[in-house]
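Written below as structure tokens is the structure these notes are about.
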């Protein structure tokens, strides 16, 4: 997958999160969770763009770890929403699947670059 395709995919994920947030019930507790998932979920795409501007492998790893952390936290909030049954399972399925796939891609990218860093000859 190209960088531009991943930019579009992470932006689409952000839009899915926003759509989910707009469907959430409106209570104080739920509003707090909704605010959190919107911050984390949209941060995935925004921070992925920063990854694309990394000037070195080490900078890439540092920025990609932020993306991974935000994606994982988004999955946590999706679990809470699912277990509280604030949104139906069927409505959460696609966003849950996409969040997991993106997380797997981020982990794989990090492993690849970390291996490259760790296998560079010492000068």
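Numbering (my numbering), first residue to last: 567 to 689. Where is the CB? At the ideal position from N, CA and C, for every residue including glycine. Computed from a predicted model, the values in this text were never measured in an experiment.
In chain order, what residues of the same chain lie with their CB nearer than 8 Å to the CB of residue i, ignoring the 5 residues before and after it?
| i | result |
| --- | --- |
| residue 666 | 641 |
| residue 680 | 627 |
Within its chain, find whatever has a CB closer than 6 Å to the CB of residue i; leave out the 5 residues flanking it on each side and keep chain order.
| i | result |
| --- | --- |
| residue 664 | 579 |
| residue 614 | 576 and 633 |
Among the options, which residue has its Cα nearest to the Cα of residue i?
| i | options | result |
| --- | --- | --- |
| residue 650 | 590, 630 and 568 | 590 |
| residue 507 | 648, 602, 670 and 568 | Summary: the structure shown does not reach residue 507, with the chain confined to residues 567 through 689, and so no result is reported for it. |
| residue 671 | 645, 648, 646 and 637 | 637 |
| residue 661 | 574, 644, 652 and 674 | 644 |
Note down, in chain order, each residue of its chain lying with its Cβ closer than 7 Å to the Cβ of residue i, except the 5 sequence neighbours on either side.
| i | result |
| --- | --- |
| residue 629 | 613, 616, 617 and 620 |
| residue 639 | 606 |
| residue 572 | 614 |
What does the alpha-carbon distance come out to for the pair residue i and residue j?
| i | j | result |
| --- | --- | --- |
| residue 654 | residue 596 | 15 Å |
| residue 623 | residue 608 | 24 Å |
| residue 586 | residue 686 | 44 Å |
| residue 568 | residue 657 | 28 Å |
- Unbroken beta strand (DSSP E) runs of length 3 or more, entirely within the region 584-658: which are they? Qualifying beta strand (DSSP E) stretches: none in this window.
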